[in-house]
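Student: If you scroll down you'll find the structure; I have some questions about it.
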Amino acid sequence: MDGSSSTTSVVFGSHIGSHQPTPTSSYQTKEIVLYGSILDTQVETLVQRLKGLCDPGVVYFNEHEMVMSLRTGHDADVTVRIRRHHKDTLYSSTHNMWHLRYIGGPEPDATCPAIVRKCIDSVMTTPVNTSMMEVVKALGLRMDFEYLAKGQLFTKGNVKVIIEQLQKTDRPGSYQEQDLKLISDSHLITMTMSLPENGDYKSAAKHIREFADQLVPLTCMEKVDYWVKKSSTA
Numbered sequence: 001m002d003g004s005s006s007t008t009s010v011v012f013g014s015h016i017g018s019h020q021p022t023p024t025s026s027y028q029t030k031e032i033v034l035y036g037s038i039l040d041t042q043v044e045t046l047v048q049r050l051k052g053l054c055d056p057g058v059v060y061f062n063e064h065e066m067v068m069s070l071r072t073g074h075d076a077d078v079t080v081r082i083r084r085h086h087k088d089t090l091y092s093s094t095h096n097m098w099h100l101r102y103i104g105g106p107e108p109d110a111t112c113p114a115i116v117r118k119c120i121d122s123v124m125t126t127p128v129n130t131s132m133m134e135v136v137k138a139l140g141l142r143m144d145f146e147y148l149a150k151g152q153l154f155t156k157g158n159v160k161v162i163i164e165q166l167q168k169t170d171r172p173g174s175y176q177e178q179d180l181k182l183i184s185d186s187h188l189i190t191m192t193m194s195l196p197e198n199g200d201y202k203s204a205a206k207h208i209r210e211f212a213d214q215l216v217p218l219t220c221m222e223k224v225d226y227w228v229k230k231s232s233t234a
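Per UniProt numbering, the sequence shown runs over residues 1 to 234.
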């Protein structure tokens, strides 16, 4: 299935056969997350494994993501991830449509086998002749980085498995093929599961951990401490 028929981001939004909340039906949710990676040369083996484990069907996507941060002063910075379809034509209905995801700090639970964080989803359409960067600056956000992601999405009940190859542009603001460069020789793997805001995350984290372990030794999904800032040494 081609994800281009969706009006919002395939990775952030809902998809056929899932129980994932959509921006219009659920304001704030709790997200369970694990991260992993796999060499480009081994991706097809992982895909075949997932076809055997997951629900029938796969969604293909090609999206542009910008990652922003909002400094709070005392608490951890708020992260805002903004996605849209890549290569939509100028006059398409989704050209100026962006899916915004506000991501809070993780639950401080060292015993939990997965990342648990609160998310707020919304969809925004920028006005004609107004760029998203103008909107971002007006909101007081600072862009940390951006990338283009092309990949596949599998589901197992309400668990999403996202495999994506990441590219960066050598010319900020230009996303033509000649300006794009692969970030690495590996694909990023993200496994996520959404719960109601007050849902019990411990059983859900255990469930996603057990499912992730079925992908070993092809890939090892981990609870990555991405929020811990690395200190530089002289």
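Even glycine gets a Cβ: it sits at the ideal position worked out from N, Cα and C.
1) Less than 6 Å between C-beta atoms, sequence neighbours within five positions excluded: which residues of the same chain meet that for Lys150?
2) For the 8 Å Cβ check, are there 3 or more pairs between the region 109-124 and the region 168-180?
3) So, Val59 versus Gln152, is the Cβ gap smaller than 9 Å?
4) For Pro106, count neighbouring C-beta atoms within 10 Å of its own C-beta (all shown protein chains included) and say buried if the count is 16 or more, exposed if not.
5) Three or more C-beta pairs under 8 Å: does that hold for the region 181-201 against the region 49-56?
6) Using only the alpha-carbon positions, how far apart do Cys81 and Met143 sit?
7) With distances taken Cα to Cα, identify the nearest neighbour of Glu44 among Ile103, Val224, Thr29 and Ile163.
8) In the DSSP assignment, find the unbroken beta strand (DSSP E) run with Lys51 in it and report its ends.
9) Starting from the C-beta of Met133, find all residues in its chain whose C-beta is less than 8 Å away, skip the five residues before and the five after it, and write them out in chain order.
10) So for Asp40, helix, strand or coil by DSSP?
11) Which word fits Val224, buried or exposed, when buried means at least 16 other C-beta atoms lie within 10 angstroms of its C-beta?
12) Out of Tyr102, Val161 and Lys87, which one is the CA nearest neighbour of Val33?
Tutor: Concretely, from the data shown:
1) Asn62 and Gln165
2) no
3) yes
4) buried
5) no
6) Contrary to the premise, residue 81 reads as Arg rather than Cys in this sequence. Their Cα atoms are separated by approximately 10 Å.
7) Closest by alpha carbon: Ile163.
8) Judged by DSSP secondary structure, Lys51 falls outside any beta strand (DSSP E) and instead within the alpha helix (DSSP H) spanning Val43 to Leu53.
9) Only Met143 meet the Cβ criterion.
10) The answer is helix: DSSP assigns Asp40 an H, G or I state.
11) Counting every other CB atom within 10 Å of its CB across the protein chains shown gives Val224 a total below 16, marking it as exposed.
12) Looking from the CA of Val33, the closest CA among Tyr102, Val161 and Lys87 belongs to Val161.
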